[in-house]
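Below: the structure, in structure tokens.
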Amino acid sequence: MTATPEDPVDAIAAAWKRELPNVPVHSIGIVTRVWHIAKLLGDDRARLLRDHHADMATLDLLSTLRRRGKPYRMTTRELATASLITAGAITQRVDRAEAQGLVKRTGRRESRTVDVELTARGRATVDDLVGAVLARECELLDGLPRRQQEQLERTLRLLLDHLSTVLGADRQPGHVGHSGTGHGP
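Each residue of the sequence shown is one higher than the last, beginning at 1 in our numbering.
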């Protein structure tokens with residue numbers, strides 16, 4: 001894979017280097033491309049989910065429960081924490097998924113805690129959605145040889161670790177089905 005001769009990101013960096021010669025511009029080539037890649041992948045995932053009559057929030061909820069393992073059950077508080085969203089937002093997601101027969105609520109007698117559990121339909125749905133998302137993302141990455149994909153993964157991991165440390169951010173995002181901060185199934 002090679003960059004196009006008139007790469008717009010390179011042109012932006014070159015223009016800023018010309019206009020502000022004393023300002024470092026090397027970040028433009030990385031940051032602008034990362035933002036653009038994230039947008040392309042996010043838009044593609046949203047389209048794929050629409051084609052499957054789902055959305056990012058539903059994928060996030062169902063995949064968080066599915067990754068938990070049997071019995072595919074979590075409290076609403078655990079779901080909110082795992083998704084990095086508010087309890088109110090989790091309640092809305094659970095309400096929608098419950099109305100579609102994808103999850104069910106169960107209460108605990110010893111407290112006011114509410115558990116949310118995948119139904120058989122919810123499990124089949126999330127398995128189909130995650131399978132479709134991951135197959136599509138692998139297809140999109142096939143433009144790079146496997147060795148370059150592995151190298152890119154290592155480099156991005158290092159960058160994420162560094163930025164998380166420098167910015168004091170949580171490394172949570174990035175798993176499949178995560179839409180709290182930006183997307184992963």
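We put the CB at the ideal spot given by N, CA and C, even for glycine.
Uninterrupted alpha helix (DSSP H) stretches inside the region 77-152 (no shorter than 4 residues)
Along the length of the region 77-152, whole alpha helix (DSSP H) runs at least 4 residues long occupy 87-99, 120-141, reported in chain order.
Report the option in E137, E153, D161 whose CA atom is closest to the CA atom of L41.
Of the listed residues, the one whose Cα sits closest to L41 is E137.
I'd like the span of the alpha helix (DSSP H) that includes A61, first residue to last.
Reading off the sequence, residue 61 comes out as Leu, not Ala. Per DSSP, the unbroken alpha helix (DSSP H) holding L61 starts and ends at 56-68.
Going by C-alpha to C-alpha distance, which of A11, T64, I37 sits closest to L129?
When each option's Cα is compared against that of L129, the closest is T64.
Alpha helix (DSSP H) containing P8: first to last residue?
In the DSSP assignment, P8 falls within the unbroken alpha helix (DSSP H) covering 8-19.
Cα separation between A13 and L20?
The alpha-carbon atoms of A13 and L20 are separated by roughly 10 Å.
Opposing strand residues paired with R73 [DSSP bridges]:
Among the bridge pairs identified by DSSP, R73 is matched with E117.
DSSP three-state assignment for A169, whether helix, strand or coil:
Annotated three-state conformation of A169 is coil, per DSSP.
Compute the beta-carbon to beta-carbon distance between T119 and G101, rounded to the nearest angstrom, for a pair I have assumed lies under 8 Å.
T119 to G101, Cβ: 6 Å. Contact.
On the CB-based measure, 16 or more other CB atoms within 10 Å of its CB, does R33 come out buried or exposed?
It counts as exposed.
Measure the alpha-carbon distance for L155 versus I30 and round it to whole angstroms.
One detail in the question is off: residue 155 reads as Thr in this sequence, not Leu. C-alpha separation (whole angstroms): 12 Å.
Residue nearest to R66 in terms of C-alpha spacing, selected from E98, E117, L134
Checked all of E98, E117, L134; the closest Cα to R66 is E117.
If D60 sits next to S83, beta carbons under 8 Å apart, how far is it from one beta carbon to the other, in whole angstroms?
D60 to S83, Cβ: 6 Å. Contact.
Just mark T165 as buried or exposed, buried being the case when its beta carbon has 16 or more other beta carbons within 10 Å.
So T165 ends up on the exposed side.
Whether V9 touches I37 by CB criterion (8 Å)
It is not a contact, given that the beta carbons lie outside the stated cut-off.
Neighbourhood of R73 by C-beta, 8 Å cutoff - its chain only, sequence neighbours within 5 removed
Closer than 8 Å at the Cβ level, and outside the excluded window around R73, lie L65, T106, D115, V116, E117, L118.
Ignore the nearest five residues each way along the sequence and tell me which others in H52's own chain have a CB closer than 8 Å to its CB.
Correct list, in chain order: D128, L129, A132.
With a 10 Å radius around its C-beta and 16 neighbouring C-beta atoms as the bar for buried, classify G122 as buried or exposed.
Buried is the call here.
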